[in-house]
Amino acid sequence: MLLAIDIGNTHTVIGVYAGDSLRAMWRIATNRKAAADELRIVFSTLFSLESLDLSQVRASAVASVVPQLTKAWMQAIKDATGARSLVCNAETAEGLFDADYPNPREIGADRVADAVAARAIYGAPVVVVDFGTATNIEVIDRDGRFRGGVIAPGVQTSANALFTHGAQLPDIALVAPPAVIGTNTVEAIQSGIMLGEADRVDGLVRRIFDQLGYSAKVIATGGLAPVVERYSSTIDEVNTELTLEGLRLIADRAYR
57 MLLAIDIGNT HTVIGVYAGD SLRAMWRIAT NRKAAADELR IVFSTLFSLE SLDLSQVRAS
117 AVASVVPQLT KAWMQAIKDA TGARSLVCNA ETAEGLFDAD YPNPREIGAD RVADAVAARA
177 IYGAPVVVVD FGTATNIEVI DRDGRFRGGV IAPGVQTSAN ALFTHGAQLP DIALVAPPAV
237 IGTNTVEAIQ SGIMLGEADR VDGLVRRIFD QLGYSAKVIA TGGLAPVVER YSSTIDEVNT
297 ELTLEGLRLI ADRAYR
């Protein structure tokens with residue numbers, strides 16, 4: 057089995073593959089202070105819940121945007137499974153990731169994994185919108201090359217900023233209201249955050265198409281992708297496993 061781990065600023069997503077089949081997937085809160093021993097306990101608990109055997113893990117791939125956690129996770133994987141591991145980046149994805157970019161080393165691991173999976177699954181050109189702590193938009197052109205993209209504050213990040221600086225504003229559920237014109241404070245905030253996010257993505261995607269000179273399939277991923285997709289006119293499909301799939305493809309090539 058292969059262990060694929062996407063360490064984000066807010067959440068960490070863990071996937072277990074048997075061949076190319078995703079056997080299990082978990083989303084847990086990212087704890088920036090976690091030690092390797094704590095993370096090893098997380099592995100043990102999650103695998104037990106799904107009746108999976110840690111000793112069957114033969115390899116792992118990690119995408120991390122939290123550098124101080126990368127070492128702890130890698131140590132936890134080694135302690136729990138003894139499996140060989142790789143850290144995803146533009147170099148370890150060589151052969152699957154081709155970038156028309158001034159400095160490929162600065163491209164985040166999650167963006168690399170998303171681009172690899174999107175190109176492999178959907179072909180080129182393709183645009184990925186990843187809804188996380190940041191809303192990332194990745195652009196793969198018709199030649200299959202990563203051209204860059206957009207990084208903007210994510211839905212929850214924007215909401216947290218609003219609630220922090222607006223003393224009288226209530227915390228709300230991140231769902232869309234029944235109509236764009238809110239008839240109370242909660243609906244008005246939901247309209248601004250959720251419908252505003254969908255329109256922001258649509259506007260940016262259209263600008264990307266204008267710059268490219270052609271359109272492309274748009275794939276959404278990340279925890280809030282299914283919610284935002286309902287109100288977007290440019291998103292074609294949601295694939296919440298996209299980042300993990302990219303890690304699987306990178307690991308398969310590295311370990312074959």
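Residue numbers (our numbering): 57 to 312.
Each residue gets a CB set at the ideal place from its N, CA and C atoms; glycine is no exception.
Hey, Phe202 and Glu194 are a contact pair by Cβ (cut 8 Å); roughly how many whole angstroms apart? 7 Å
Given a cut-off of 8 Å, decide if Met81 and Glu297 are closer than it, judged by their beta-carbon atoms. yes
Unbroken stretches of the beta strand (DSSP E), 3 residues or longer, contained in the stretch 150–199: 182–187, 190–196
Distance between beta carbons of Ala190 and Gly210, contact taken as under 8 Å: 5 Å
Specify the secondary structure class of Gly25 as computed by DSSP and reduced to three states. The first residue shown for the chain is 57 and the last is 312, placing residue 25 beyond what the model contains.
At 4 residues or longer, and completely inside the stretch 223–268: list those alpha helix (DSSP H) runs for me, N to C. 241–246, 252–268
For Glu293, list the residues DSSP reports as bridge partners. Ile275
Put Gly71 into one of helix, strand or coil per three-state DSSP. strand
Please state whether DSSP places Arg286 in a helix, a strand or coil. coil
Kindly indicate which three-state DSSP category Val113 falls into: helix, strand or coil? coil
Per DSSP, which one or two residues make a beta bridge with Leu78? Tyr73
Closer than 8 Å to chain C by CB, Val184: Absent here is chain C; the protein component of the structure consists of one chain.
Which one of Gly252, Ser271, Thr239, Asp76 has the shortest CA to CA distance from Ile177? Asp76
To the nearest angstrom, how far is the alpha carbon of Tyr73 from that of Val257? 31 Å
Give the straight-line distance between the Cα atoms of His221 and Ala208, rounded to the nearest whole angstrom. 19 Å
Environment of Leu105 [buried if 16+ CB atoms lie within 10 Å]: exposed
For the alpha helix (DSSP H) that Ser141 lies in, which residues bound it at each end? Careful: Ser141 lies outside any alpha helix (DSSP H), inside the beta strand (DSSP E) at 140–143.
Can you tell which of Asp156, Ala115, Glu253 has its C-alpha closest to the C-alpha of Ser312? Residue identity differs from the one stated: residue 312 is Arg in this sequence, not Ser. Nearest of Asp156, Ala115, Glu253 to Arg312, Cα basis: Ala115.
Does the distance from the C-beta atom of Ile291 to that of Val185 stay below 8 Å? yes
Assign Ile275 to buried or exposed, taking buried as 16 or more other Cβ atoms, counted over all protein chains shown, within 10 Å of its Cβ. buried
Hey, quick one: how far does the beta strand (DSSP E) through Ala60 stretch, first residue to last? 58–63
Quick check on DSSP: helix, strand or coil for Val98? helix
Looking at Ala215: is its Cβ nearer than 8 Å to the Cβ of Ile237? no
Assign Arg167 to one of two classes, buried (16 or more other C-beta atoms within 10 Å of its C-beta) or exposed (fewer than that). buried
For Arg309, report the span of its alpha helix (DSSP H) as first-last. 298–311
Here's the rule: buried if 16 or more other CB atoms are within 10 angstroms of the residue's CB, otherwise exposed. What is Glu285? buried
Distance check for Asp266 and Arg304, CA to CA, integer angstroms please. 33 Å
Can you find the residues in the same chain that come closer than 7 Å, C-beta to C-beta, to Phe153, ignoring five residues on each side of it along the sequence? Ala146, Val168, Ala171, Val172, Phe202
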